[in-house]
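A.B. asks:
Residue numbers (the working numbering): 35 to 209.
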């Protein structure tokens with residue numbers, strides 16, 4: 035691995051670990067860094083294996099600490115983050131503000147649709163009225179999901195960009 039790639043990976047991993055710690059500290063429903071971590075890791079970590087393993091591992095470890103819930107819903111949540119990582123892969127060749135914003139919104143929508151579908155399957159009548167009720171009652175949480183994902187996505191991509199610029203300038207000064 036080249037020195038520049040190692041620095042990029044180190045910066046990415048440190049930012050991801052910081053964001054992951056926030057999942058344990060901030061206890062507001064749906065204000066979570068995991069979707070942003072999945073997007074960010076898939077977009078900036080070159081090794082595709084680690085780009086997937088890292089966010090899923092962080093989710094699992096934090097679930098151990100926070101506590102598990104119904105496995106059917108957990109599977110849906112984990113699957114949604116794998117799809118969200120796929121969005122990160124789509125923007126990795128052209129990371130810019132527009133693509134990051136669209137990816138963040140898409141991540142929130144994917145999480146909302148998949149996780150609430152699983153909630154409907156577990157806890158609501160299997161009918162049109164039941165699914166409408168499940169999604170309607172989830173709308174207040176969606177606001178927090180969008181805000182949290184946008185904030186953490188901005189933090190991760192923004193800090194990564196700034197730290198890379200700082201490292202590049204420091205490298206130039208040393209030469």
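Glycine included, every Cβ here is placed at the ideal spot set by N, Cα and C.
Secondary structure at residue 126, three-state DSSP: helix, strand or coil?
C.D. replies: Correct three-state label for residue 126: coil.
A.B. asks: Leaving aside the five residues before and after residue 156 along the sequence, list all residues of the same chain whose C-beta is less than 7 Å from its C-beta, in chain order.
C.D. replies: Taken in chain order, the residues that qualify are 104, 106 and 107.
A.B. asks: Please state if the CB of residue 74 and the CB of residue 188 are separated by a distance shorter than 8 Å.
C.D. replies: No, they are not a contact pair.
A.B. asks: Check whether the Cβ atoms of residue 80 and residue 40 lie closer than 8 Å to each other.
C.D. replies: No.
A.B. asks: Between which residues of its own chain and residue 172 is the CB-CB distance below 6 Å, once the five residues before and five after are set aside?
C.D. replies: Within the same chain, residue 172 has close Cβ partners 150.
A.B. asks: Looking at residue 190: is its Cβ nearer than 8 Å to the Cβ of residue 49?
C.D. replies: Contact: yes.
A.B. asks: Does the distance from the CB of residue 119 to the CB of residue 76 come in under 8 Å?
C.D. replies: In this structure, residue 76 lies closer than 8 Å to residue 119 by Cβ.
A.B. asks: How far does the alpha helix (DSSP H) with residue 89 in it reach, from first residue to last?
C.D. replies: It spans 82–100 - the alpha helix (DSSP H) in which residue 89 sits, taken as one unbroken run.
A.B. asks: What number of angstroms, rounded off, separates the C-alpha of residue 122 from the C-alpha of residue 62?
C.D. replies: One C-alpha to the other measures close to 25 Å.
A.B. asks: Mind checking residue 42: buried by the 16 CB within 10 Å criterion, or exposed?
C.D. replies: Answer is buried; the Cβ neighbour count reaches 16.
A.B. asks: What are the boundary residues of the alpha helix (DSSP H) that residue 142 is part of?
C.D. replies: It spans 131–157 - the alpha helix (DSSP H) in which residue 142 sits, taken as one unbroken run.
A.B. asks: Would a C-beta distance cut-off of 8 Å place residue 65 and residue 192 closer than the cut-off?
C.D. replies: Contact: no.
A.B. asks: Return the CA-CA distance between residue 69 and residue 89, expressed in angstroms with no decimal places.
C.D. replies: Going by the C-alpha atoms only, they are around 9 Å apart.
A.B. asks: Looking at C-alpha atoms only, which residue of 99, 83 and 84 is the closest neighbour of residue 57?
C.D. replies: For residue 57, the nearest C-alpha among the options comes from 99.
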